[in-house]
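Report on one structure; see the data block that follows.
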Amino acid sequence: MPLRFFNTYSRELEEFKPRDGKKIDIYTCGPTVYSRAHIGNFRAYIFEDLLVRHLEARGFKVHRVMNITDVDDKTIRGARESKQPLRKFTQQFKDAFFEDAAKLRIKRADDYPAATDQHYIDKMIAMISTLISKGLAYQADDKSVYYRINKFPNYGKLAHINLDELQSTGRVKHDEYDKEHIGDFALWKAWDEDDGDVKWESPWGPGRPGWHIECSAMAMALLGDQIDMHCGGVDNIFPHHEAEIAQSEGVTEKKFVNVWLHCAHLLVDGQKMAKSLGNFYTVPDVLAKGYTGREIRYALMRVHYRTQLNFTWDGMKEARESLGRVDDWLERLRECAGDETGKIDNQFGHEFEDALDDDLNISAALGFLFETIRETNRAMDENKLDPATAGRWLHWWDRINQTLDFEGEGAELPDEVAKLAEERAQARLAKDFRKSDELRDKLNALGWESRDTKDGQKITRRAGAK
Ligand SMILES: [Zn+2]
58 MPLRFFNTYS
68 RELEEFKPRD
78 GKKIDIYTCG
88 PTVYSRAHIG
98 NFRAYIFEDL
108 LVRHLEARGF
118 KVHRVMNITD
128 VDDKTIRGAR
138 ESKQPLRKFT
148 QQFKDAFFED
158 AAKLRIKRAD
168 DYPAATDQHY
178 IDKMIAMIST
188 LISKGLAYQA
198 DDKSVYYRIN
208 KFPNYGKLAH
218 INLDELQSTG
228 RVKHDEYDKE
238 HIGDFALWKA
248 WDEDDGDVKW
258 ESPWGPGRPG
268 WHIECSAMAM
278 ALLGDQIDMH
288 CGGVDNIFPH
298 HEAEIAQSEG
308 VTEKKFVNVW
318 LHCAHLLVDG
328 QKMAKSLGNF
338 YTVPDVLAKG
348 YTGREIRYAL
358 MRVHYRTQLN
368 FTWDGMKEAR
378 ESLGRVDDWL
388 ERLRECAGDE
398 TGKIDNQFGH
408 EFEDALDDDL
418 NISAALGFLF
428 ETIRETNRAM
438 DENKLDPATA
448 GRWLHWWDRI
458 NQTLDFEGEG
468 AELPDEVAKL
478 AEERAQARLA
488 KDFRKSDELR
498 DKLNALGWES
508 RDTKDGQKIT
518 RRAGAK
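Remember, the numbering used here sits 57 above the position in the sequence shown when you count from 1.
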């Protein structure tokens, strides 16, 4: 079956063909570093991680770029309110983003361009100059430069909006009175007092780039005029991605992006996440409840990316139980296989990859995994699974786990738990079983179970423990 993806631009499932054989360029909109990213943001980054890993599993060479927006209204306001220089203010949230992404086992992109890098500011200025020279942009009385959306015939095609609607939908800000059309968006924002020392020189006077031009310029600088895939959340479609198309195609007159992929919203307990509702969670918030990075990864990945995902604490419990089933299954399989490694056959269990070929149908792929677990467990219960077949399923797991990255969390034990586990291992070595039992009880009280297997002590979450 060919690779298929739902293209937001056409609103259709399309067969995907990279422009250049086995090479795929992907641009993904990254975080705006004015606060710690929340789990809704990470849902999109997890979807992109699944996408990249599946394409790599299919033998493609992926070049992925994710930008870091480190200058905009929110970052400038945050820096001013906390009385820090912009760079220092944003650095803490950049660090937090990479820390959280690592916890969730998100593979690093090849490039993380930052909008404040002078190299990219120069590219943005060059693009804006070209747009002005083509009549697609103008400097208004307020000294800012705006895109003239009337002059770009395809404006609105991605979001399926026509220009007349813009006036009435209230989807654009009404605070910029100097523009020719209410939908014209800023390419270059003239400096004002609120910007403090945040400014760059340009042919239009001091100022800073608009958010949309940042992505167009960085995507084109790193990936070229045309790219295979561009991803983001549904809230990026308008105006952000619509503006990117207008800017890039306005300059190059070539089709900017082949396929647009957008991830649906994350809800918490059926509601939109909001600080005021008390249902706003970051990755550390969920970790603080005793869950691990891979459990969050599972919970955010298991629903198809175009379906709304409802995050609940019951869902986190289910994630723990599901991963526990995988862990137990692997342990049984390894015991059953023994020294038998089985033959490597990349067609074995191909149903998993086939499901992902179909617009990343993760529900079907996981359905196949858990059906496999049920069937092989039953066969092992009845002593009917031969070691060679167990070995083949283990090879299969190694293969699909390159994409899922669900296995093991030894490295993720909380410090206190790791310390008790180590003490208990030492006590058992010294044959001090009373102490070892005491330590087992302590671990239990903390919600962890210690089991002694032939490969040594195994620490797992106690079922139902928070
Ligand atoms: Zn972007």
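A virtual CB, placed ideally from N, CA and C, is assigned to each residue, including glycine. These numbers come from a predicted model, not from an experiment.
Query raised in the report: For V360, which of helix, strand or coil comes out of DSSP?
Result: Reduced to three states, the DSSP call for V360 is coil.
Report task. With a threshold of 6 Å, establish whether the CB of C320 neighbours any heavy atom of ligand 1. Result -> no
Query raised in the report: When a residue counts only if its C-beta is closer than 5 Å to some heavy atom of ligand 1, which residues count, in chain order?
Result: C86, C272
Query raised in the report: Contact check, Y212 vs G87 under 8 Å by CB: the rounded distance?
Result: Under the criterion of beta carbons closer than 8 Å, Y212 and G87 do not qualify as touching, at roughly 24 Å.
**Report entry** Whole-angstrom C-beta distance between F73 and V316, which should lie under 8 Å
**Finding:** Between V316 and F73 the beta-carbon gap is near 6 Å, inside 8 Å, which marks them as a contact.
Report task. Classify K515 as helix, strand or coil using the three-state DSSP reduction. Result -> strand
Requested in this report: Just mark M58 as buried or exposed, buried being the case when its beta carbon has 16 or more other beta carbons within 10 Å.
Outcome: Classification for M58: exposed.
Report task. Identify every residue that forms a DSSP beta bridge with R121. Result -> I83
Report task. Drop a sphere of 10 angstroms on the beta-carbon of G513, count the other beta-carbons inside from all chains shown, and report buried for 16 or more, exposed for fewer. Result -> exposed
Report task. Please name the residue, chosen from W248, K140, R518, A136, that lies closest to R528 on a Cα-to-Cα basis. Result -> Nothing in the structure corresponds to residue 528, since the chain is present only between 58 and 523.
Requested in this report: Quick one: using the 10 Å Cβ neighbour count with 16 as the cut-off for buried, is N207 buried or exposed?
Outcome: exposed
**Report entry** Cβ-Cβ distance between K160 and G335 below 7 Å
**Finding:** no
**Report entry** Euclidean distance between Cα positions of K332 and S139
**Finding:** 19 Å
Requested in this report: Starting from the Cα of N434, find the closest Cα among V474, E495, C393 and give me that residue.
Outcome: C393
Report task. Would you tell me roughly how many angstroms separate the C-alpha atoms of G399 and R449, rounded to the nearest one? Result -> Computed Cα separation, rounded: 5 Å.
Query raised in the report: Are the CB atoms of L324 and N367 nearer to each other than 7 Å?
Result: The answer is yes: Cβ separation under 7 Å.
Query raised in the report: Just checking my contact of L318 with L107 at CB under 8 Å: how many whole Å lie between their CB atoms?
Result: Between L107 and L318 the Cβ distance is about 11 Å, and since that is not below 8 Å, they are no contact.
Query raised in the report: How many Å lie between Y203 and R121 at the Cα?
Result: Whole-angstrom Cα-Cα distance: 29 Å.
Requested in this report: Return the residue from the list S67, L143, P75, I81 that minimises the CA-CA distance to Y91.
Outcome: Nearest C-alpha to Y91: L143.
Query - Three-state secondary structure (DSSP) of Y15 - result: The question about residue 15 has no answer, for the chain in this structure spans 58 to 523.
Query raised in the report: Given 8 Å as the limit, is there contact between the stretch 260-271 and the stretch 164-178, that is, 3 or more CB pairs closer than that?
Result: yes
**Report entry** Buried versus exposed, by CB contacts within 10 Å (16 or more), T510
**Finding:** Here T510 is exposed, its C-beta having fewer than 16 other C-beta atoms within 10 Å.
Query raised in the report: Looking at A101 and C320, is the spacing between their C-beta atoms short of 7 Å?
Result: yes
Requested in this report: Please work out which residues of its chain come closer than 6 Å, Cβ to Cβ, to V308, disregarding the five sequence neighbours upstream and downstream, and give them in chain order.
Outcome: M184, T187
Query raised in the report: When burial is assigned at 16 or more other CB atoms within 10 Å of the CB, is E105 buried or exposed?
Result: buried
Query raised in the report: Under three-state DSSP, which class holds S379?
Result: helix
Query raised in the report: Thinking C-beta only, is A247 closer than 7 Å to G267?
Result: no
**Report entry** Between the CA atoms of R165 and E473 - distance to the nearest angstrom
**Finding:** 29 Å
Query raised in the report: Going straight from the alpha carbon of N440 to that of R389, what length do you get?
Result: 12 Å
Query raised in the report: Does the Cβ of D462 have 16 or more other Cβ atoms within 10 Å, making it buried, or fewer, making it exposed?
Result: buried
Report task. Closer than 6 Å by C-beta to T147: which residues in its own chain qualify, once you throw out the five before and the five after it? Chain order, please. Result -> V90, D127, T132
Query raised in the report: D326 CB to nearest chain C CB: under 7 Å?
Result: This model lacks chain C altogether, as it is built from one protein chain only.
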